[in-house]
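Our numbering numbers the first residue of the sequence shown as 548 and each following residue consecutively.
Just so it is clear, CB atoms sit at the ideal spot from N, CA and C, and this is done for glycine as well.
In this text, all values refer to a predicted model and were calculated from it rather than measured experimentally.
Heads up, the thing below is written out as structure tokens.
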Amino acid sequence: MAKKRQRRIPWLDIFLFTILFAGLAAGGFAMYMVSKAYEALPTLANLEPKPSETSFVYDRNGDLWSELHSTENRVVVDIKELPEHFKNAVLAAEDHRFYSHIGVDIRAIARALFLNVTKQDFQGGSTITQQLAKKAFLTDEQTLTRKIQDAMLALKLERQFTKDEILEMYVNIVPYGRGAYGPEAAAKAFFGKSVRDITVDEAAFLAGMINGPYLYDPADNPQGALTKRNQVLDQMAFYGFISPEEAAEYKQVPLETLERGTVADTEGAYFFDYVLKQLLARYPSETVYGGGLRVYTTYDPAAQRAMDKAIADTLDADFPYRDAESMQAAAVVLDADTGHILAMSGGRKHEEMLAWNRAVDTKRQPGSAFKPLAVYVPALEAGITPTTFVEDTPVTWTDPVTGEEFSPRNYSGTFSGVPVTIRYAVQESLNVIACKVQDMVGIPKSLETAEKMGITSLVKERTPDGRNDYTRSLALGGLTYGVSPLDMAVAYGTLANRGIRVEPITILRVEDKDGNPLEEHNTKRTLAISEESAFLMTSMLEDVIRHGTGGAANIGKPAAGKTGTTSDWKDAWFAGYTPNTVGIVWMGFDQAKTMEQWKITGGSYPAMIWGKMMREICKDETAGFTPPQSIISLKICKQTTLMPGPYCPAEDIYTEYFIKNQIPVGICPHGHAPRF
548 MAKKRQRRIP
558 WLDIFLFTIL
568 FAGLAAGGFA
578 MYMVSKAYEA
588 LPTLANLEPK
598 PSETSFVYDR
608 NGDLWSELHS
618 TENRVVVDIK
628 ELPEHFKNAV
638 LAAEDHRFYS
648 HIGVDIRAIA
658 RALFLNVTKQ
668 DFQGGSTITQ
678 QLAKKAFLTD
688 EQTLTRKIQD
698 AMLALKLERQ
708 FTKDEILEMY
718 VNIVPYGRGA
728 YGPEAAAKAF
738 FGKSVRDITV
748 DEAAFLAGMI
758 NGPYLYDPAD
768 NPQGALTKRN
778 QVLDQMAFYG
788 FISPEEAAEY
798 KQVPLETLER
808 GTVADTEGAY
818 FFDYVLKQLL
828 ARYPSETVYG
838 GGLRVYTTYD
848 PAAQRAMDKA
858 IADTLDADFP
868 YRDAESMQAA
878 AVVLDADTGH
888 ILAMSGGRKH
898 EEMLAWNRAV
908 DTKRQPGSAF
918 KPLAVYVPAL
928 EAGITPTTFV
938 EDTPVTWTDP
948 VTGEEFSPRN
958 YSGTFSGVPV
968 TIRYAVQESL
978 NVIACKVQDM
988 VGIPKSLETA
998 EKMGITSLVK
1008 ERTPDGRNDY
1018 TRSLALGGLT
1028 YGVSPLDMAV
1038 AYGTLANRGI
1048 RVEPITILRV
1058 EDKDGNPLEE
1068 HNTKRTLAIS
1078 EESAFLMTSM
1088 LEDVIRHGTG
1098 GAANIGKPAA
1108 GKTGTTSDWK
1118 DAWFAGYTPN
1128 TVGIVWMGFD
1138 QAKTMEQWKI
1148 TGGSYPAMIW
1158 GKMMREICKD
1168 ETAGFTPPQS
1178 IISLKICKQT
1188 TLMPGPYCPA
1198 EDIYTEYFIK
1208 NQIPVGICPH
1218 GHAPRF
């Protein structure tokens, strides 16, 4: 019987089958992973990334005033505006074969894999295109799915954009440290200049920062930053962007960057806050801080500096009351013709962004600064003239409903006991005369006129506790809630602007990042009072500065103004204007504490601040207040307000203004008794 042959195991077949099976399994797994990655790929209707961009705010001269950005301070720069050596530095540091691969560099991946496996170095094989895909559309998670996705997106990006467009998007989207995104913000953060002006060694430093924005900041790691810069210079030489000799020369240049620290407070910070609040009310915050807006404002840096200096010099240097350091001041300056706000201070110190702004947010009692608006302009509109006599004698009114008595007193506590002219009463800020004149015109007319001129906080309907502004104290600036310095600026601007109220403007226009207009604001004018009343009131307010309570505000050229001090000494004002410019100054404590112990009136420190700032702001103004054609000037005797007779003393004769149909009739008799 033949011996049975032993069957041999087909090891070769098994080996080949195993390889085939493993290949099929790997292929299947690869197909599964690719399919899974594709399914999870972001929906990209438009593959172009839209990174947040810093918004810019400009002053009235078109110069950059400040920037608005959130965590990403980014200024997108066109590839054509980037220096060639900066682009070369990025290519040398990140992807020197960028212009020759298809978006995925197999050679770079193989090299990185070999170096990583052999532990010679740890390198990534991602191209610039892949990094752009990851930064713009994916996450930084280290997973196989994400790696496949960035390769897929890289291939799509390469089909949709040119190499230059991809490089431009990449350098503008990546962080460089210190909150700077993109080369322009980075160059300013580290070197204080535009990327257009950086040198080769500075470009190498910025390119190196892409790889480790938080590792190579010279403030934390000066040696590491220097080493990284020099490595990039060596790579630039190795890949032929510069010569080895040039690299050696640039490596000898000291690495000098700006100190890292808190960003300096924006000049005109309260004004900037006011602009920012308006922007945030009109646009989403992500648009304001990251939409690349171009915001053109009315801000005048020279006027702001004059205002800030006047407040600081007066209250920090000249102010003798050191125990009053918490005393506050606020001021507004605007162009009388256009309503453009030129400068604004909401307090003596700006401590936080979007801080409480006393020039806008605070409403305080205006005191006698309210008399022109609520008493004398309504009186002029009703036909009363600057020469109208009113007796400076005590008076008491009794409220028919409550039975309360109102007995106004002059600041001095005394009465002259004789008739005085309206002009004199304005000059000396006589309270009794103001109340009697308001009684002539009526409280409703007072409220109506003040509102027409620009006061927005008057209370006509009764509040829950029964208050409103239909009171006799209105004549003396006693209001339910008070007024803001900005409202006072608009109202006094109506006088400067010949009876025409202009709405205040801070934002002239807003453009998107491509220069397309989003909004534009022009001056809005409304006739509030007659030109004649505005001029006559101005003429009397000039006397307040020349001869009356506002002497400290004299700037040596035509100006009109009014002091305001509340009876409880809690608020002190000076409101004034030149033919072109309006300025308002308020002083007081936030807690409405009295300033009586220092006897601070509107004619003291507020008038001093006003004079200092307006002297500088209006230094180039030359024109005076011009009377309208319906106004004529006449020499009269101040004792009788009649035409001077042959025996009137020279010191009693002055020039007065009259509307043509209000010219006084008669000649002053000689031997009259002295009057005001």
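Three-state secondary structure assigned by DSSP to W1120 | strand
Cα-Cα, which of S993, I789, W1157 is closest to I1076?
-> S993
Reduced DSSP category for R852 - H, G, I as helix; E, B as strand; rest coil | helix
DSSP three-state assignment for P966, whether helix, strand or coil = strand
Taking three-plus beta-carbon pairs below 8 Å as touching, is the stretch 730 to 747 in contact with the stretch 814 to 824?
-> no
Kindly provide the ranges of any beta strand (DSSP E) runs that are 3 or more residues long and lie completely inside the stretch 932 to 995, ordered along the chain.
-> 936 to 938, 966 to 968
Where does Q875 sit, in a helix, a strand or coil, going by DSSP?
-> strand
In or out: A573 buried (at least 16 other Cβ within 10 Å) or exposed?
-> With a pLDDT of only 46 at A573, under the threshold of 50, the placement of this residue in the model should not be trusted; the figure read from the coordinates follows. Classification of A573: exposed, given that the 10 Å Cβ count is below 16.
Taking all protein chains shown into account, do 16 or more other C-beta atoms lie within 10 angstroms of the C-beta of H1094, making it buried, or fewer, making it exposed?
-> exposed
Go to E712, then tell me how far its beta strand (DSSP E) extends in each direction, as first and last residue.
-> E712 -> not in any beta strand (DSSP E); alpha helix (DSSP H) instead, spanning 710 to 720.
Candidates Y786, V1057, T885, I757, of which the one nearest K775 by Cα | I757
Skipping 5 residues on each side, what residues in its chain have a beta carbon closer than 7 Å to that of G771?
-> L762, Y763
Among all the DSSP beta bridges, which residues are the ones paired with K1182?
-> T1202
Limits of the unbroken beta strand (DSSP E) element including T1112 | 1107 to 1112
Residue interval of the beta strand (DSSP E) (run including I1147) | From DSSP, I1147 is part of no beta strand (DSSP E); its letter is neither H nor E.
Ends of the beta strand (DSSP E) at K1055?
-> One point to set straight first is that residue 1055 is Leu, not Lys, in the sequence displayed. Residues 1054 to 1058.
Check the C-beta distance from T1110 over to T1148 and give it rounded, since I have them as a contact under 8 Å.
-> 6 Å
Taking only the alpha-carbon atoms, compute the straight-line gap between P1102 and P919 and give it to the nearest angstrom.
-> Per the sequence shown, the amino acid found at residue 1102 is Ile instead of Pro. Whole-angstrom Cα-Cα distance: 21 Å.
In terms of residue numbering, what span does the beta strand (DSSP E) encompassing E1066 cover?
-> 1064 to 1067
Near D642, which residues of its chain fall below 7 Å by C-beta distance, leaving aside the five closest residues on each side in sequence?
-> T674, I675
Give me whichever residues DSSP pairs with F645 in a beta bridge.
-> Paired residues: none, contrary to the question.
Residue closest to L840, alpha-carbon to alpha-carbon, out of A733, K1060, H1068, H632 = K1060
With 16 as the cutoff for other CB atoms within 10 Å, does G989 come out buried or exposed?
-> exposed
Give me the Cβ distance between S892 and A878, rounded to the nearest whole Å; I'm assuming they're in contact under 8 Å.
-> 5 Å
Specify, as a first and last residue, the run of the alpha helix (DSSP H) that W1157 falls within.
-> 1152 to 1164
Can you check DSSP and say which residues form a bridge with N620?
-> A727
Enclosing alpha helix (DSSP H) for S1086 [first to last residue] = 1078 to 1093
Terminal residues of the alpha helix (DSSP H) in which E833 lies = 832 to 837
Report the three-state DSSP secondary structure of V922 (helix, strand or coil).
-> helix
Does DSSP put F752 in a helix, in a strand, or in coil?
-> helix
Give me whichever residues DSSP pairs with G1013 in a beta bridge.
-> Partner(s): none; G1013 has no beta bridge.
Going by beta carbon distance, what residues of the same chain come within less than 7 Å of V1037, once the five residues before and after it are set aside?
-> G1001, R1048, P1051
Taking contact to mean at least 3 C-beta pairs separated by less than 8 Å, is the stretch 1162 to 1170 in contact with the stretch 1122 to 1131?
-> yes
Does the Cβ of I1206 have 16 or more other Cβ atoms within 10 Å, making it buried, or fewer, making it exposed?
-> buried
Going by Cα to Cα distance, which pick from T996, T845, T618, K634 is closest to K742?
-> Note that residue 742 corresponds to Val in the displayed sequence, not to Lys. The option with the nearest alpha carbon to V742 is K634.
In DSSP terms, what W1133 is bridged to = A877, W1120
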